[in-house]
Amino acid sequence: MKKPGKSLPDTNAIIRYLIRDEEPLYLKAKEFFDKVKNGSARAVIIESVLAECIYVLTKIYKVPRNKAAEGLIDILHYKGITNSDQKELINALTLFSERNVDIVDCILCMKASSAEACLFSFDNDLNKVSASLQSRGREIR
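My numbering numbers the first residue of the sequence shown as -3 and each following residue consecutively.
Rendered as structure tokens:
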């Protein structure tokens, strides 16, 4: 039997699901994400969509950083999420919720840490965050 294909939800679909501001769109998004949650559908959430979701949630909808990260982390834990970088993205969102670091920088730090690579940046604060991750191990939690 052929496996079902993967979907790549866009920012708008994720935002409608999390914010529930447009009921018809929320219901369509909920139907999709319910399937992803129980594993009957598979999805990949790409980094750029994740970063854009953080931007829209925190800047447009004024959702607190920790709540925005929490909602996205919940989705990344759904059974049907098949990201190969799932753990890195969850750790990046956790870092984002705990420190005053941009989401793209959080993703960069986690990618460098998991690859045991050195971060190259002119941002001294970012270098300190990256160094602290390297010294503590690769995971936030």
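Glycine residues also receive a C-beta, built at the ideal position from the N, C-alpha and C atoms.
Source: prediction; values computed, not measured.
Contact check for arginine 38 against lysine 2 passes: the beta carbons are separated by less than 7 Å. For arginine 38, the beta-bridge partners assigned by DSSP are Lys2. Its chain contains Tyr57 as the residues whose beta carbon lies nearer than 7 Å to that of isoleucine 15, once the 5 sequence neighbours on both sides are disregarded; these appear in chain order. Around the CB of aspartate 17, fewer than 16 other CB atoms lie within 10 Å, so the residue is classed as exposed. The criterion of a C-beta distance shorter than 7 Å is satisfied by arginine 12 and leucine 21. Residue pairing by DSSP places isoleucine 77 opposite Ala39 in a beta bridge. With fewer than 16 other beta carbons inside 10 angstroms of its own, phenylalanine 116 counts as exposed. Between the beta-carbon of threonine 78 and that of valine 40 there is about 6 Å, and that keeps the pair under the 8 Å contact cut.
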